[in-house]
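In this note's numbering, the protein residues as written are 1 to 347. Ideal placement from N, C-alpha and C gives every residue a C-beta, glycine not left out. Some notes on the structure that comes next.
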Ligand code: AHG
Ligand code: MN
Ligand code: MN
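This is the structure:
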């Protein structure tokens, strides 16, 4: 028999909870419930191509049920996994315009959960990896059953954050502030098993940048200069970067977390505040990035310190290996290339 013990996500969460003798278990239960929702979404993602056979989205299937789009399905699964437990005072989702209250028939609790139920959803029909992103905050409002204030908190206040990537295997990566841990779903037993304890972004890792370069013409000169530099086109970077862009934030981020690199979604002429959402995408991944020794920035400010003013607020995002995020900030601040060349040479 192997001497290695198998650590399920349940065991991992319980063992972490034991370090806090006053813990009620509510927080642990939220994480289990999210893991359960992830398994259900993973199952449906695996069947994605079959929709064409079993009935198109929007159709009524043979059981007389409406076939939902996967992002709507994922949204509903997460809501239903969490709405009745008594642990939450509300939720917010990329798919819902407003704060999502807990239905009156259920008790409320001391946490709220924010999520992007299906990230990269435009990729789904092409069999490309997609994901789910979540973050957990403590209730801070005086409202007895919670309100939007509980969701509009800075990333520094997150008590947990994580994502699931539905790729060649399904992986759940999360942090509660004590390391970043990755679990791989074993489909034969339906359990997430600890496969990547205490993940760290390699430093120096692969020199990879991920950006939608089709937007080059809409970028500011500083952003263009940065990408020209990464590619070695300015003559000041002896070790040009490779480009990797999937177009699913979770998948791009996950690759960079494992191998090193920087993901960028800058502000541009079409999206002057950036495209990605602070609360459902940038802040949770920023907590993971920092927990793994990396960084996340708007280009001028630490993502975790951005004050949210609305649920669907967008931010420019630079995230990944700390040195590369720092480099991006320097370029965006207009630093001279010569100074940069020395820094880069040392990476
Ligand atoms: P979502 O599917 O949740 O709307 O997110 C899509 C996001 C993100 O996953 C990805 O990084 C980005 O959109 C890609 O945008 P472009 O197609 O503009 O590159
Ligand atoms: Mn998304
Ligand atoms: Mn989405």
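Residue state for residue 239 is assigned as coil, using DSSP reduced to three classes. Non-local C-beta neighbours of residue 79 in its own chain, meaning closer than 6 Å and more than five positions away in sequence, are absent.
Here residue 117 is buried. Its C-beta has 16 or more other C-beta atoms within 10 Å. With contacts defined as CB atoms closer than 8 Å, residue 154 and residue 306 qualify as a contacting pair. Distances from the alpha-carbon of residue 85 to those of 33, 128, 169 put 33 closest. By a beta-carbon distance limit of 8 Å, residue 252 contacts residue 210. Their separation comes to about 5 Å.
Residue 37 has its alpha-carbon roughly 16 Å from the corresponding atom of residue 47.
In this structure, the straight-line span from the alpha carbon of residue 218 to that of residue 170 is close to 35 Å. Within the DSSP secondary-structure output, residue 263 pairs in a beta bridge with 210, 319. Annotated three-state conformation of residue 85 is coil, per DSSP. Inter-residue distance for residue 104 and residue 152 is about 22 Å (C-alpha atoms, whole angstroms).
For residue 97, the shortest C-beta to heavy atom distance toward ligand 1 is 7 Å or greater. Distances between the C-beta of residue 116 and the heavy atoms of ligand 3 include at least one below 7 Å.
Going by DSSP, residue 4 is part of no beta strand (DSSP E) at all; its letter is neither H nor E. Comparing alpha-carbon positions, the option among 195, 146, 181 lying closest to residue 90 turns out to be 146. Annotation: the continuous beta strand (DSSP E) that includes residue 117 extends over 111 to 119. In the three-state reduction of the DSSP assignment, residue 325 falls in the helix class, which pools H, G and I.
Of the candidates 167, 45, 138, the residue whose Cα lies closest to the Cα of residue 73 is 45. Bridge pairing for residue 195: absent [DSSP]. For residue 186, the enclosing beta strand (DSSP E) starts and ends at 180 to 186.
Per the Cβ contact rule, the stretch 320 to 327 is not in contact with the stretch 172 to 187 (fewer than 3 Cβ pairs under 8 Å).
With respect to residue 41, residue 284 sits apart: the two C-beta atoms are not nearer than 8 Å. Inter-residue distance for residue 16 and residue 181 is about 12 Å (C-alpha atoms, whole angstroms).
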